[in-house]
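What follows is a short report on a single structure.
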Amino acid sequence: MTLEQLKAQREALQAARFNGVLTVKAGDKWVTYKSDAELQSALHDLDREIAQAEGRPRARRIRTYAVKGL
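Quick note on numbering: the sequence shown equals residues 6 to 75 in my numbering.
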């Protein structure tokens with residue numbers, strides 16, 4: 006897929022999520038998601054593909070945990 010197609014899909018998914026709709030048209034196909042979490046997961050996957058197509062590095066999370074050790 007081209008970068009423009011990926012961005013168009015992302016916009017369609019975001020619009021559907023903001024409107025509370027779980028059925029989205031992707032190209033010539035209709036996709037129905039089971040839950041908002043599944044739709045959000047698809048958005049994250051598209052974000053990762055768009056970042057890769059644009060040559061941006063992956064976003065990483067660093068979590069710090071501390072305990073007293075007593």
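Every residue gets a Cβ at the ideal spot worked out from N, C-alpha and C, and that includes glycine.
Three-state secondary structure assigned by DSSP to residue i
| i | result |
| --- | --- |
| Lys34 | strand |
Cβ neighbour criterion (16 or more within 10 Å) applied to residue i
| i | result |
| --- | --- |
| Gln14 | buried |
| Val72 | exposed |
C-alpha distance - residue i paired with residue j, whole-angstrom precision
| i | j | result |
| --- | --- | --- |
| Glu16 | Pro62 | 21 angstroms |
| Lys12 | Leu27 | 19 angstroms |
| Gly32 | Leu51 | 15 angstroms |
| Glu54 | Tyr70 | 30 angstroms |
Residue closest to residue i, alpha-carbon to alpha-carbon, out of the options
| i | options | result |
| --- | --- | --- |
| Leu8 | Ala71, Ala58, Asp52 | Ala58 |
| Ala42 | Lys34, Gln19, Met6 | Gln19 |
Where the alpha helix (DSSP H) containing residue i begins and where it ends
| i | result |
| --- | --- |
| Ser46 | 41-59 |
| Leu18 | 8-24 |
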